[in-house]
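Working notes, structure below.
Put into C-alpha cells, the structure is as follows:
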C-alpha cells in the first residue's frame with residue numbers, strides 16, 4: 044500500500060509542478076486577484092480528470108497482461124521524456140516560463156475544460172499513472188483509492204502552495220517554482236526508471 048501512496052504523491056507533485064496552461068492561469072490569477080480569491084482554483088482538476096481517468100482505466104482494464112507490460116515500458120520512456128522536459132524548464136526557466144494573462148472572462152471551469160480537451164492529460168493517464176492505478180485496483184480497490192488519494196492530495200496541495208506564493212510574495216514565487224521543477228525532474232526520472240524495470244522484469 045505504501046508504494047502506491049508514494050507513487051501517487053510523487054506523480055501528483057510532478058503534475059502540479061509542470062508548466063502548462065492551467066498552471067499559468069492560476070499564477071496569473073494569483074498575481075492579479077490575490078491568493079485568497081484564486082485558491083479554489085486548485086480544486087479544478089476534480090472537474091476535468093474524472094472522465095479522463097474513467098476512460099483510461101476502462102481501456103487499460105481490457106488489455107492482457109503482456110500489453111500492459113509494453114505500456115509500462117512505453118510509460119517509463121514517456122515519464123523520462125517528461126523528466127527531461129522538466130529539467131529543461133528548470134535550466135532555461137527565465138527564458139521559457141512567462142505566464143500569460145488570460146482574458147478577464149476566463150474562468151476556472153474553462154481552464155478545466157481545456158484540460159479535458161487536451162490530449163496531454165489522456166496520454167499522461169494512459170501511459171504514466173493509469174497502469175499503476177489499474178494494477179493497484181486489481182490487487183485490491185484500496186490500493187487504487189490510496190494511489191488516487193495520494194495523487195490528488197499532493198497535486199492540490201502543491202497547486203495551493205504555488206497560488207499562495209505567487210499571490211503573497213511574487214519575488215519568491217519564481218525561485219520556488221524553479222526549485223519545484225528541479226525536484227519534479229528528479230522524481231519523474233526515478234519513477235520512469237521504475238516503470239521501465241517493471242515492464243522489462245515484471
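In this note's numbering, the protein residues as written are 44 to 245.
Note that beta-carbon positions come from the ideal geometry of N, C-alpha and C, so glycine has one too.
Enumerate in chain order the residues of its own chain whose CB-to-CB distance from residue i is below 7 Å, with the five nearest sequence positions on each side excluded.
i: residue 126; result: 228, 231, 232 and 235
i: residue 225; result: 133
i: residue 73; result: 81, 206, 209 and 210
i: residue 123; result: 232 and 235
i: residue 36; result: Nothing about residue 36 can be reported from this structure: the residues present for the chain run from 44 to 245 only.
i: residue 86; result: 199
i: residue 57; result: 227, 230 and 231
Which same chain residues end up closer than 6 Å to residue i when comparing Cβ atoms and leaving out the 5 residues on each side of it in sequence?
i: residue 180; result: 187
i: residue 112; result: 242
i: residue 130; result: 228
i: residue 172; result: 54
Using C-beta distances below 8 Å, list every residue in its chain close to residue i, excluding the 5 sequence neighbours before and after it, in chain order.
i: residue 192; result: 48 and 51
i: residue 147; result: At residue 147, the pLDDT of 41 sits below 50, so the modelled position is not reliable; the number obtained from the coordinates is stated separately. Once the five neighbours on either side are set aside, residue 147 has no close Cβ partner at all.
i: residue 44; result: 185, 186 and 189
Between which two residues does the alpha helix (DSSP H) carrying residue i extend?
i: residue 198; result: 184-211
i: residue 50; result: 45-60
Tell me, please, whether the region 99-107 touches the region 165-175 by the rule of three or more beta-carbon pairs shorter than 8 Å.
yes
At a cut of 8 Å, does the region 78-92 reach the region 199-211 through at least three beta carbon pairs?
yes
Give the list of continuous alpha helix (DSSP H) stretches no shorter than 4 residues that lie fully inside the region 82-112.
88-104
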